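Here is the structure we will look at.
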Amino acid sequence: MSAGSRLIKSGKRLEFVVRLKPFNIHEKGFHGTIRYVDIDKNIQLQWIRHGHPFLTESMYNVKSLAYMPREIDKLVGGANYVIVVTIGHHFRPFPLTLFLRRVICVRKAVERLLARSPDSKVIVQTANIREHSTDIERLSDFHGYIHYYATKQIFRGLNIGFIDSWDMTIASASYFLHPVPSVIENQVHMFLTYIC
1 MSAGSRLIKS GKRLEFVVRL KPFNIHEKGF HGTIRYVDID KNIQLQWIRH
51 GHPFLTESMY NVKSLAYMPR EIDKLVGGAN YVIVVTIGHH FRPFPLTLFL
101 RRVICVRKAV ERLLARSPDS KVIVQTANIR EHSTDIERLS DFHGYIHYYA
151 TKQIFRGLNI GFIDSWDMTI ASASYFLHPV PSVIENQVHM FLTYIC
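Written out as structure tokens, the structure is:
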């Protein structure tokens with residue numbers, strides 16, 4: 001899994017559903033790599049924080065930044081690999097061209113992964129709507145919808161799964177940066193339908 005903090009919440013939900021255990025690799029908070037494991041079933045879930053732009057109010061180690069296309073290119077792939085990519089909120093205050101370039105580069109990396117290992121499963125999770133109380137000029141759903149629509153168009157035609165967080169959060173009226181637990185649970189269930 002590679003992306004924002006929304007996937008951490010999904011990982012915590014998966015921890016409950018699949019009985020994964022957190023595996024401490026001596027990195028603090030969500031600013032580093034986070035792992036969950038199930039030794040008996042040979043399952044490892046790894047969350048890697050994406051590279052810039054990364055919006056946060058706290059300090060973090062820039063050495064642990066991961067450029068998503070490069071991380072995807074490092075993977076061997078195979079029937080036991082599932083990659084989840086979310087791209088969204090951290091790009092909202094920046095020019096649209098930066099977002100489009102990143103999404104196109106991620107798509108090309110996914111194409112390369114599927115070419116060398118067609119059995120790999122790739123799931124793209126869209127950004128969700130958010131509250132309107134913070135910096136509406138830069139972080140509004142107006143910009144978010146453009147990113148959402150562009151993501152759907154850029155990944156069209158690939159044999160991948162698609163978790164439409166935008167529609168899920170609208171349907172549940174979840175106007176928060178991080179969706180409410182019921183939405184996260186639905187996202188996890190959709191994720192599990194793609195891999196099971």
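Reading the sequence shown from the start, the letters are residues 1 to 196 in UniProt numbering.
Beta carbons are placed, not taken as given, at the ideal position from N, Cα and C, and that holds for glycine.
Computed from a prediction, not measured in an experiment: that's the story for all the values here.
| query | result |
| --- | --- |
| Just to confirm my understanding: we take Gln46, look at its own chain, exclude 5 residues before and 5 after, and list those with CB closer than 6 Å. What are they? | Arg35 |
| With DSSP as the reference, please indicate the residues paired to Thr86 in a beta bridge. | Gln125 |
| Grouping DSSP H, G and I as helix and E and B as strand, with all else coil, what is Lys74? | helix |
| In angstroms with no decimal places, state the Cα-to-Cα distance between Glu151 and Lys21. | Note that residue 151 is Thr in the sequence shown here, rather than Glu. When rounded, the distance between both Cα atoms is 32 Å. |
| Can you tell me whether residue 202 is helix, strand or coil according to DSSP? | No answer is possible for residue 202: the residues shown for the chain start at 1 and end at 196. |
| Please state whether the Cβ-Cβ distance between Val85 and Val106 is less than 7 Å. | yes |
| Among all the DSSP beta bridges, which residues are the ones paired with Ala38? | The question names Ala, yet the displayed sequence has Asp at residue 38. The partner list for Asp38 (beta bridge, DSSP) reads Ile43. |
| Using a 10 Å radius around the Cβ and a threshold of 16 neighbouring Cβ atoms, would you call Leu113 buried or exposed? | buried |
| Is it true that the stretch 64-73 meets the stretch 89-100, where meeting means three or more beta-carbon pairs spaced less than 8 Å apart? | no |
| Rank His143, Asp40, Ser172 and Gln125 by C-alpha distance to the C-alpha of Ile160 and give the top, closest one. | Gln125 |
| Using alpha carbons as the reference points, say which of Val188, Ala173, Ala79 and Met68 lies closest to Arg116. | Ala79 |
| Straight-line CA distance for Asp40 to Trp166? | 35 Å |
| On the criterion of 16 or more Cβ atoms from any shown chain inside 10 Å, does Ala127 qualify as buried, or is it exposed? | buried |
| Let me see if you follow: with CB-CB separation under 7 Å, is Arg107 close to chain E or not? | Of the chains in the structure shown, none is chain E; there is only one protein chain. |
| Tell me the residue span of the alpha helix (DSSP H) that contains Ile170. | Ser165 to Ala171 |
| Quick check on the burial criterion: 16 or more other C-beta atoms within 10 angstroms. Buried or exposed for Phe191? | buried |
| Over what stretch of residues does the beta strand (DSSP E) that includes Phe23 continue unbroken? | Lys21 to Phe23 |
| Taking only the alpha-carbon atoms, compute the straight-line gap between Pro181 and Leu100 and give it to the nearest angstrom. | 30 Å |
| Residue range of the alpha helix (DSSP H) that Pro181 falls in? | Pro181 to Ile195 |
| Rank Thr193, Asn186, Ile195 and Lys108 by C-alpha distance to the C-alpha of Arg156 and give the top, closest one. | Lys108 |
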